[in-house]
Every structure is written in C-alpha cells, then in structure tokens.
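Working notes, beginning with the structure itself.
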Amino acid sequence: MLLPFIWMILTSLKTPLEALRFPPTWLPEIWRFANYPEVFQEISFFRYFLNTVFITAVTLFGIFLTGVLAAYAFARIEFWGREVLFIVFLALMMIPLPVYLVPSYMILFNLGWIDTYWAMIVPWMVNIFSIFLLRQHIKTLPQDLFDAAAIDGCSRFGALWRVVVPLSKAPLVTVGVFNIIASWNSFFWPLIVTHSDAIRPIQVGLAYFSREQSTNYTLLMAASTLTILPLVILFFFAQRHIIESYARSGLKE
Amino acid sequence: MNRRLKETIAGYCYLLPALVILIIFRIIPILYSVRISLYDWGMAGPRKFVGLKNYLDVLSDPVFWQSLLNTGWFVIFSVPLMLFLALFIALLLNTKIKGLGIYRTVYYLPVVTSIVAVSVVWKWILNPERGLLNYLLSFIGVKGIRWLEDPRGLFDIIFSSIGVKLPTILSGPSIAMLALIIMSVWKGLGYNIVIYLAGLQNIPNQYYEAAKIDGAGRWSIFRNVTWHLISPTTFYILIMSTIVAFETFAQVWIMTGPPPGGPLGTTKVVMYYFYEQSFELWRLGYGAAIAFFAFLIILTLTILQRVGLEKRVHYA
C-alpha cells in the first residue's frame with residue numbers, strides 16, 4: 672500500500688540519470704535534494720501553492736457561513752416550506768457534476784469570472800452535505816438551552832453565535848476537514864474554469880507539468896510529494912477524526 | 133405580524149446566502165442544461181434548435197457506446213475487486229490485532245491524497261521500460277507488459293492464446309484500462325475498508341456467540357452471520373463505488389495518451405468523453421445530452437440502492 676509513496680519519495684531524491692536506470696536502484700546513490708528547489712524554479716509551484724491555500728481558505732469560510740446559517744434555519748426555525756426545501760437540497764446533492772457544469776461555465780463566462788479566483792470559489796461556497804451534517808447535530812441540541820438564552824435576552828442570531836456554534840465544535844471540525852480535503856484535491860472544475868498559469872491551483876499546475884515534462888521523473892515525483900505533503904500532515908494530526916467522520920457519514924446515507 | 137410569518141421571514145433570511153448560490157450555480161444550470169441539450173450549441177456562433185437530435189445522435193454514436201463499454205469494464209472489474217479486498221482486510225483488522233490504528237492509517241493514506249499526484253506517481257510506476265511494477269514482476273518471470281500503451285483486451289489475449297477469436301464487445305478491458313483499474317482500487321480501498329470496519333463493529337457479539345454454541349465453523353459463521361448482517365454495508369459500497377467509478381476522469385487525463393483516452397480509445401470513459409465533447413470541441417448541446425444519459429444511469433443506481441436497502445437486505 673505504501674510502496675507507491677515510498678517509490679515517489681525515493682525517485683524524487685535521485686539524479687535524473689539514476690532514476691532512469693534499469694534495473695532500478697532502491698536507495699539513491701547520490702541523494703539529490705536539489706530536485707525540490709528545482710521544482711520551484713521549473714514551474715510557478717509556489718504560486719500554485721498560494722492560490723490553493725487562498726481558494727481553500729475562502730471557500731471554507733463560505734461553507735461555514737452558509738452552512739451554519741442554513742443548518743440553523745432547517746433545524747430550529749419553523750418557516751413555511753421547510754420540509755419541501757430540505758428535500759430539494761438533498762435532491763440537488765444527488766445530481767452529478769456534468770449535468771450543471773456546462774451551464775455553470777456559461778454563467779461564469781457571462782459574469783466575466785472565467786479565469787478568476789471567483790470561478791473556483793463562489794460556486795463551491797455552499798456544501799449541501801455539510802449543511803445536512805450540521806442540521807442533524809443542531810437538531811439534537813436541547814430546546815431548554817434556546818429557551819434559557821431567550822430568557823436572558825439573547826436574540827435568535829445571538830443564540831446561534833453563543834449557543835449553537837460553541838456546542839458544535841466536533842461537527843464543525845468534520846465539515847472543515849472534509850472540505851479542506853475536497854478543495855485541496857479538486858481538479859476537474861478548476862481545470863475547466865482556468866486558462867492562465869498564474870491562477871491555477873496546485874492540482875491543475877501539477878497536471879499540466881506532468882503533460883509538459885512527462886519524462887522528467889525526478890522533478891515530477893518531487894512536485895507530487897510537495898503537492899500531497901500538506902494533506903498528509905493534516906491527516907496525521909487529525910487521522911482518527913478524519914477516518915471516523917468518513918465512516919459515520921457513509922453509514923448515515 | 134403573526135408568529136408564523138415572522139418565522140418564515142427569519143428562516144429565509146438565514147437561508148439566503150446558501151439559496152442565492154445554489155440557485156445561480158445549481159438550479160438555474162440544471163434547468164438550463166435541458167435547454168442547451170435541445171440546441172446545436174457552440175461557445176460562439178449561431179445556435180440552432182434541433183429538438184431531440186442530440187439525444188438521438190448520442191444513442192447512435194459508436195464512440196459514446198465505446199465509452200460506456202469502457203466505463204462498464206472499469207466498473208465490473210474494479211468494484212467487485214475493491215469490495216472483496218476491502219471486506220477481507222476489514223475482517224483481518226477486526227480481529228483486535230495490535231496496531232489497528234497504523235494499518236488503518238496506511239490503507240487510508242491513498243484516499244486523502246490527490247488523484248492528480250497519485251496518477252502522476254502511478255504513471256511512473258507503470259512505465260514499461262523503467263517502471264517499478266515491471267521490475268517487481270520480472271522476479272516472477274512476467275516481462276515487458278506495456279501497461280498504459282497496450283490496447284489489446286484482456287479476454288482477447290487469453291482466448292487468442294487458445295486460438296479463439298472473440299467479438300470486439302467481449303474483448304474485455306484493455307491492458308491500459310487494467311492499469312487504471314489496479315491504480316483506482318489501490319486508491320479507493322481504504323475508504324471501503326473503513327466503511328466495512330464500521331459495519332462489522334455494529335454486529336452484536338451475541339450472534340457470534342450463539343453461532344459458536346450451535347457449533348458453527350469459521351466459514352459457516354462468516355457465511356451465515358457476518359455476510360448476512362454486513363449486507364447493508366456491502367450494498368452501500370457497491371452502489372457508491374459504482375457511482376464514483378462513473379466519475380473517473382483525472383486518471384484518464386493524466387495517465388493515458390496522448391491523446392488521453394488512448395490507446396485506441398480503450399480508456400475513454402464516459403466522463404472523459406463528456407469533457408472532450410464539451411470543453412475541447414465545444415459541442416455544448418451534445419455534451420449536455422451525454423451528461424443526461426450519465427445522470428440517468430446514476431439515478432437508476434441510486435433508486436436501486438433505495439429499493440435494495442429496503443427489500444433485499446438483511447438487518448440485524
């Protein structure tokens with residue numbers, strides 16, 4: 672299972688000549704760490720990296736904002752049309768990307784957003800599954816808490832901020848982790864809505880790099896290592912949480 | 133103002149940000165794609181209403197059927213393979229062995245890493261002359277498989293060695309597709325193991341104890357207790373991994389070709405064909421019609437999941 676990762680790192684530390692030798696060497700004869708700085712010279716890797724961090728961060732902020740508000744409404748406010756609207760939301764979740772991709776592209780085109788960060792951020796600032804997760808959690812909070820807050824003169828929005836959010840840390844972390852992974856790894860959408868190199872996220876940058884320099888294995892492996900490194904670090908810190916939330920989300924559907 | 137109205141206004145205020153984005157980037161596009169599919173629609177130039185022509189064209193397009201067949205082979209091979217491997221490993225991990233956490237982490241790592249990076253790495257591993265896989269295979273006497281370049285079908289190779297010529301439709305996944313299948317199983321396995329582990333841990337211990345008291349052997353316990361009680365999980369995995377398999381795209385874009393989908397179009401899956409028609413040839417109406425058929429298949433599978441879960445599956 673780990674062999675592809677080990678091989679990736681080993682290749683990324685060899686000289687180009689040694690990488691191409693057959694039969695291959697396992698450990699590099701000459702450890703060539705210079706491959707890593709070279710990635711940054713060869714492509715605008717640092718730029719891709721910053722782009723991705725920016726896109727991921729802003730998207731996540733949007734998902735939290737829209738998600739908490741919508742989940743709160745679905746769980747705690749008895750507005751007209753709530754049940755129907757909730758079913759509509761769930762139905763939207765099941766519609767596959769190709770169905771809305773082309774018209775979304777046209778809308779982005781008409782907004783003048785193609786090849787901008789907005790095209791990669793705004794359409795993804797709502798995540799229905801996150802709304803669903805948060806709603807399930809907020810529904811379980813006891814009504815007494817809300818009554819107490821109301822008696823203390825807390826407004827509805829105040830209750831959201833002072834009662835719901837502090838009591839929803841676990842599901843909020845789950846939502847955060849899910850969406851960081853999804854944003855960081857997203858490829859299809861940014862591939863389509865970007866044209867210029869300067870705003871490409873890391874995955875699209877790496878994909879084009881692999882097309883343009885398809886035989887430059889040492890640099891490709893170094894770039895791949897750098898691409899997955901941030902998520903691997905996140906994964907090691909939060910693995911228990913990540914794995915368990917995936918397991919739970921799978922069973923809930 | 134009455135309470136009900138007040139609640140309604142408040143509710144929609146809270147929903148507003150999510151609603152605005154969903155309406156603009158989901159609901160309008162979904163409705164609009166129906167319209168696009170009825171037109172001969174390019175990115176520029178005149179648009180002509182053609183009625184159902186795009187749909188009919190898709191149905192009589194040999195490349196579409198080829199892409200559906202390719203996707204079908206991908207599903208038929210990768211989904212059961214993944215299912216059995218995942219169940220097998222989950223059963224091993226469920227026996228309270230030491231270091232479960234480490235194993236889980238190891239199997240899970242490919243799931244969180246990006247499909248792009250993983251595809252780049254596997255393309256190198258699958259390199260026919262200098263790749264790691266062919267090097268390892270050479271120890272067991274298998275030499276020179278041209279993984280991503282070989283368009284010959286698997287069954288075709290097997291049957292032609294005994295002198296039987298198969299019709300094209302039965303020639304099986306190409307060697308190149310097989311490479312994508314191996315890589316995708318490796319990538320998705322950990323997710324399914326975790327789902328299975330969660331399912332296994334939900335089986336109450338008394339069933340096993342009862343079976344033991346009745347003198348059931350290991351295989352019998354597995355067959356009559358575990359396999360039965362785990363069937364909702366199996367069904368869930370079956371449907372979910374089929375849906376995911378239908379969305380296969382990045383592997384094809386990065387690992388195959390040039391041109392992607394090669395050799396000889398044997399790795400051109402539905403999703404890639406949709407991309408090619410819509411965003412390389414800018415035949416947007418045609419692309420929308422392909423998307424509609426893909427949706428129809430996924431919808432059927434989802435309905436099957438619901439019906440199946442309610443009727444055929446055993447619950448504890």
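Chains as they are written, first to last, in this note's numbering: chain A, 672 to 924; chain B, 133 to 448. Where is the CB? At the ideal position from N, CA and C, for every residue including glycine. This structure is a prediction, so every number in the text was calculated from the model and none was measured.
> Which residues in the same chain as Phe406 of chain B place their Cβ atom closer than 8 angstroms to its Cβ, once the five residues preceding and following it in sequence are excluded?
Replying inline: Gly419, Ile422, Ala423, Ala426
> Name the residues in the segment 416-429 of chain B whose C-beta lies less than 8 angstroms from a C-beta of chain A; which are they?
Replying inline: Leu416, Gly419, Ala420, Ile422, Ala423, Phe424, Ala426, Phe427
>> Quick check on this structure: which residue in A:Lys685, A:Pro769, A:Thr889 has the alpha carbon closest to the alpha carbon of Pro699 of chain A?
In response: A:Lys685
> What does a CB cutoff of less than 7 angstroms around Glu924 of chain A pick up in its chain, not counting 5 residues either side in sequence?
Replying inline: Legend: pLDDT at Glu924 of chain A = 38, less than 50; position of this residue unreliable, no value from coordinates given.
> Hey, Thr737 of chain A and Ile153 of chain B are a contact pair by Cβ (cut 8 angstroms); roughly how many whole angstroms apart?
Replying inline: 7 angstroms
>> Pull the bridge partners of Asp172 of chain B from the DSSP assignment, please.
In response: B:Lys180
> Of all the beta strand (DSSP E) runs that stay within the bounds of the segment 750-785 of chain A, which reach a length of 3 or more residues?
Replying inline: none
>> Helix, strand or coil, according to DSSP, for Glu924 of chain A in the structure here?
In response: Caution applies to Glu924 of chain A, whose pLDDT of 38 falls short of 50 and renders its modelled position unreliable; the value that the coordinates give is listed next. It is coil, neither helix nor strand.
>> Between the alpha carbons of Val935 of chain A and Arg158 of chain B, how many angstroms are there, rounded?
In response: Because chain A here runs from 672 to 924, residue 935 of chain A falls outside it and cannot be looked at.
> When the cut-off is 7 angstroms and only beta carbons count, does Ile162 of chain B lie next to chain A?
Replying inline: yes
> Under the three-state reduction of DSSP, which class applies to Gly285 of chain B: helix, strand or coil?
Replying inline: strand
> Helix, strand or coil: which one does DSSP assign to Ser306 of chain B?
Replying inline: strand
>> Please classify Met765 of chain A as buried or exposed, where buried requires at least 16 neighbouring CB atoms within 10 angstroms.
In response: exposed
> Which residues in chain B sit within 8 angstroms of Ile766 of chain A, going by Cβ to Cβ distance?
Replying inline: Arg158, Ile162, Phe427
> With 16 other CB atoms within 10 Å as the buried threshold, where does Arg415 of chain B fall?
Replying inline: buried
>> For a test of the three-state rule: what should DSSP assign to Asn186 of chain B, helix, strand or coil?
In response: helix
> How about Leu147 of chain B: is its C-beta nearer than 7 angstroms to some C-beta of chain A?
Replying inline: Output row for Leu147 of chain B: interface = yes.
> Between which two residues does the alpha helix (DSSP H) containing Arg827 of chain A stretch?
Replying inline: 827-830
> Starting from Lys400 of chain B and walking both ways along the alpha helix (DSSP H), at which residues does that stretch end?
Replying inline: It is not in any alpha helix (DSSP H) - Lys400 of chain B carries neither H nor E in the DSSP assignment.
> What three-state label does DSSP hand Val253 of chain B in the structure shown?
Replying inline: helix
>> DSSP three-state label for Ala448 of chain B, please.
In response: Note that Ala448 of chain B scores a pLDDT of 43, beneath 50, so its modelled location is shaky; the value from the coordinates is reported in the next line. In the three-state DSSP reduction, Ala448 of chain B falls in the coil class, being neither helix nor strand.
>> Distance cutoff 7 angstroms, beta carbons only. Does Asn850 of chain A sit that close to anything in chain B?
In response: no
>> Could you check whether the Cβ of Ala222 of chain B sits closer than 7 angstroms to any Cβ belonging to chain A?
In response: Residue contact with chain A for Ala222 of chain B: absent (no Cβ-Cβ distance below 7 angstroms to any residue of chain A).
> Is Gly143 of chain B close to chain A, meaning its C-beta is less than 7 angstroms from at least one C-beta of that chain?
Replying inline: yes
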